[in-house]
Structure formats: structure tokens, C-alpha cells
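The numbering of the sequence shown is this note's numbering, which starts it at 15 and goes up by one.
See structure below.
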Amino acid sequence: MEFLATAKIGLESTVAFQLHKLGIADTETLDARVRFRGGYAEMAKALLWLRTAERVLMPVGTFRADTFDALFEQTKALPWNRYLMPSSRIHVNGKSAKSTLFSVSDCQSIVKKAIVESLKSAYRVTRIPETGEEVIIEVGILRDEVTLALDCCGAGLSRRGYRTYNVAAPLSETLGAGLIYLSRFFPDTPLIDPMCGSGTIPIEAAMIANNIAPSRNRSFAAEQWKFVDPSVFRLAREEADDVRRSDRLEILGCDIDPHCIDLCKKHAKKAGVMLDWRVQPVRDLSTGLKNGVLICNPPYGERLLSPGEVKKLYREMRIVFDRMPGWQINVITASREFESIYGRTADKRRKLSNGGMPCTLYQYFAQKGT
């Protein structure tokens with residue numbers, strides 16, 4: 015069967031990398047998604063283990079449509095009775111880009127109506143009561159090509175379950191994990207986040223280092239599907255438990271706000287990882303370790319701090335980080351002036367998105383010989 019793992023723009027390669035590590039080699043990387051093939055066992059593994067994917071979808075059909083009539087008829091012709099019961103509660107999500115059918119709400123309504131008509135015909139009933147389990151259908155239209163898919167997740171994969179308290183402008187878990195992969199972090203590498211907020215980056219790094227499946231303790235929509243053997247999820251969770259470690263790690267999270275550090279400790283405990291936390295401003299950051307990876311998501315001047323305060327912070331960061339020549343520095347920000355304010359051109363840049371805001375990850379490699 016075919017599945018789609020959706021991702022934020024810029025993180026597709028990290029999703030493909032994780033699928034290969036899971037032994038799922040039959041993949042194709044596309045814009046904002048990775049296509050892979052396998053059975054329900056591979057689907058369950060992907061749901062439990064993918065750290066940077068937003069969702070896993072199971073396509074039901076793909077076709078071209080540039081009119082509402084074509085959308086209705088081709089949707090109705092798909093074998094929905096293979097997947098949905100007569101009582102299924104149908105919820106349709108949608109998106110459209112560069113297509114003739116640009117009204118998403120109309121497309122959602124037509125797709126649902128077509129699915130209901132298909133089920134009525136297949137089950138020979140006059141109405142679909144929708145009193146059973148909810149099934150989420152994703153309709154995506156790109157350049158007039160329509161993809162209809164079942165949402166395997168329910169809540170998005172960023173909902174790990176450990177972050178129950180939030181701070182202003184939190185970083186999503188999937189993007190936090192993506193920054194860690196892009197930084198080339200390894201389990202035995204020291205890591206510091208000097209502005210850790212609610213602790214997403216240090217916690218995600220610790221889960222990667224200790225081989226903890228990020229979605230081990232949550233449920234998925236696919237577990238309610240009548241055509242999927244429940245044992246595939248039980249076996250996937252058992253396998254995840256067998257490979258989990260509990261090593262003490264050289265990972266440090268710092269923040270100037272004591273309230274943030276209190277939340278970090280609660281989140282880390284819920285995630286099952288042991289980390290070091292410290293209340294301190296960036297200007298006081300120091301470490302006796304010569305090498306490591308530093309990742310930070312500083313304020314952008316949008317919701318936290320004024321533009322003038324942000325510029326002052328970026329200049330302070332340069333002074334502090336220059337004292338760590340053996341460390342690889344990774345900074346994600348929406349500021350287009352970051353390099354000129356920081357005072358140094360990045361060795362590598364990657365375009366990303368944070369909360370719908372275009373951002374850039376600026377990477378500064380460790381100095382040679384350190």
C-alpha cells in the first residue's frame with residue numbers, strides 16, 4: 015500500500031532519513047511530503063517513530079478535476095465501503111493550491127456529499143447516521159490533481175503528550191526535532207539550548223539520543239479502523255519498548271525565565287528523560303566542554319521583545335558564541351537581517367517555517383582544529 019508522510023517545507027529529507035532507519039526504503043521525496051510503501055505494520059512504525067512528520071495519510075484515490083461535477087463523480091466512484099462503515103462519522107479537511115477549484119470549503123462539502131452517496135449505494139441504505147467512530151478524510155488539490163486520503167493520526171504527530179504547559183511563541187515538537195537532525199547531532203554529542211522556552215529542543219534531543227519513540231504513549235485514528243488488525247500497534251509498541259534506553263546525557267537547557275525552567279522540568283519528567291536545566295541569561299552562558307552542538311530559537315521581534323531588544327540580543331549571542339569555537343552554532347529566526355546584526359555570514363542556510371512564518375536556519379560550523 016501507499017502512504018504519505020506530510021512535513022513542513024525544508025524537513026522532507028529528515029522524514030525520508032527516518033523512514034530509511036525504520037527499514038522502509040521504498041520512498042519518494044516530494045514538496046512537503048514523502049511517499050512510502052508498506053503494510054499496516056510499516057504504517058504503525060511510521061506513526062510511532064516519525065519525529066519530523068506532521069501527519070501520516072493513506073491515499074484512497076488520486077485523479078484530476080477542474081470542475082465540482084468532476085470532483086463529485088470521481089470521489090463517489092472510489093471504494094469508500096472498504097474503509098468506512100455505514101455509521102462512520104465523516105470529517106473532511108482540505109487544502110487547495112494553484113488549482114481551478116480554489117474554494118476549500120466548497121471542495122470539502124462536495125467530497126463529503128460524494129462519500130455519503132457512495133456509502134449509501136454500497137450498503138443499500140437511504141441515510142448515513144454518522145453515529146460511529148470519526149474518520150478524518152484529507153482532500154488535497156495541487157495544480158488540479160486531487161488526492162483523497164484517510165488521516166491515520168487524528169491529532170497531529172507534534173502532539174507527543176509531554177508538553178502540557180506552554181510559553182509564549184512555543185516551538186513545535188516536529189520542528190524542534192527537525193532542527194536537531196539538521197544540526198547533525200549524535201547521541202554522544204553535548205547539546206545546549208541557551209533559550210529553551212518550554213524545553214522542546216533539549217527534550218527532543220534526549221528522546222533521539224535514548225531511542226525513545228516520540229509517539230509511544232498516544233493513540234492514533236488508525237487504531238479504530240475496522241480493517242486494521244490491532245496487533246500491529248501492539249507489536250510496534252513492544253518493539254519500541256525493547257530498544258529504548260535511559261542514558262544520562264550531556265544536554266543542557268537554559269532560559270532567563272525561572273517559570274520556563276520549571277515547565278521544562280515537568281515536561282522532561284513526563285517525557286521520561288533526565289536533563290540539566292539552568293536559569294540564566296545568554297550573556298552568562300559558559301561550558302567546560304570543548305565541542306558540541308548549540309541550537310537556539312531566539313525571539314524574532316514579533317511577539318517577544320521589541321526590534322531594538324532583539325538586535326541587542328543577537329549581538330550578545332555573537333560575543334558569547336565566539337567563546338565556543340569548537341561548537342557548531344545553529345540559530346533559527348525570521349529576521350532577514352540576522353547575519354548583518356550578528357556580524358557573521360553563516361556557513362550554511364536552510365529555509366524553514368515556524369508557525370506559518372518563513373524562517374531561516376543559520377548554521378556556523380565549528381572552527382577547524384578545535
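We treat Cβ as the ideally placed atom computed from N, Cα and C, and that holds for glycine.
Computed from a prediction, not measured in an experiment: that's the story for all the values here.
As summarised for the segment 30-97, the continuous alpha helix (DSSP H) elements at least 4 residues long and confined to that stretch are 54-63, 82-90, given in chain order.
In the three-state reduction of the DSSP assignment, Asp243 falls in the coil class, being assigned neither a helical nor a strand state. For the pair Gly175 and Asn225, the CB atoms are not nearer than the 8 Å cut-off. Note: Cys373 is bridge-paired with Leu366 in the DSSP secondary-structure output. Listed in chain order, the non-local C-beta contacts of Val345 below 6 Å within the same chain comprise Cys310, Tyr376, local neighbours out to five positions each way being set aside. Val160 carries a strand assignment under DSSP once its states are collapsed to helix, strand and coil. In this structure, Ala55 is the residue among Ala39, Leu299, Glu26, Ala55 with its C-alpha nearest to the C-alpha of Val246. Under the three-state reduction of DSSP, Ile226 is assigned to coil, being neither helix nor strand. Within the model, the alpha-carbon separation for Ala30 versus Arg198 is close to 15 Å. Remark: C-beta atoms of Phe77 and Ile124 do not approach each other more closely than 8 Å. In the DSSP assignment, Asp255 is bridged to no other residue.
In terms of Cα proximity to Tyr97, the closest of Ala254, Ile270, Leu133, Arg297 is Leu133. Between Val181 and Ser212, the C-beta spacing is below 8 Å.
Beta-bridge pairing by DSSP links Ala21 to Ala67. In this chain, the beta strand (DSSP E) harbouring Cys310 covers 306-310. In this structure, Asp290 places its C-beta atom within 8 Å of the C-beta atom of Ile265. The Cβ neighbour count for Val257, taken over all protein chains shown within 10 Å, is under 16; the residue is labelled exposed. Around the CB of Pro321, fewer than 16 other CB atoms lie within 10 Å, so the residue is classed as exposed. For Thr347, the enclosing beta strand (DSSP E) stretches over residues 341-347. Bounds of the beta strand (DSSP E) holding Val106 are 103-111. Linking Glu42 to Arg49 through their CA atoms gives a straight-line distance of about 5 Å.
With contacts defined as CB atoms closer than 8 Å, Thr188 and Ala67 qualify as a contacting pair.
Annotated as proximal: Ala60 and Ala19, with beta-carbon spacing under 8 Å. DSSP, reduced to helix, strand and coil, places Arg329 within a helical segment of the structure shown. Beta-carbon to beta-carbon, Pro73 and Thr140 are separated by about 29 Å, too far to satisfy the 8 Å threshold.
In the structure shown, the three-state DSSP call for Ile270 is coil. Comparing C-alpha distances from Leu205 to each of Leu303, Arg177, Tyr314 shows the shortest one belongs to Leu303. Going by DSSP, Ile206 is part of no alpha helix (DSSP H) but of the beta strand (DSSP E) stretching over 205-207. With respect to Val153, Gln122 sits close: the two C-beta atoms are nearer than 8 Å.
Counted as a single uninterrupted DSSP element, the alpha helix (DSSP H) harbouring Val125 occupies residues 118-137. At least 8 Å separates the beta-carbon of Pro208 from that of Cys278. For Ser354, the closest C-alpha among the options Met331, Gly369, Pro372 is that of Met331. A residue is called buried once 16 or more other Cβ atoms fall within 10 Å of its Cβ, and Met338 is buried on that count.
When the five nearest sequence neighbours on each side are left out, the beta carbons in the same chain lying within less than 7 Å of the beta carbon of Thr203 are those of Gly306, Val307, in order along the chain. Classified as exposed, Ile23 has fewer than 16 neighbouring CB atoms from the shown chains inside 10 Å of its CB.
Annotated as proximal: Gly146 and Arg103, with beta-carbon spacing under 8 Å.
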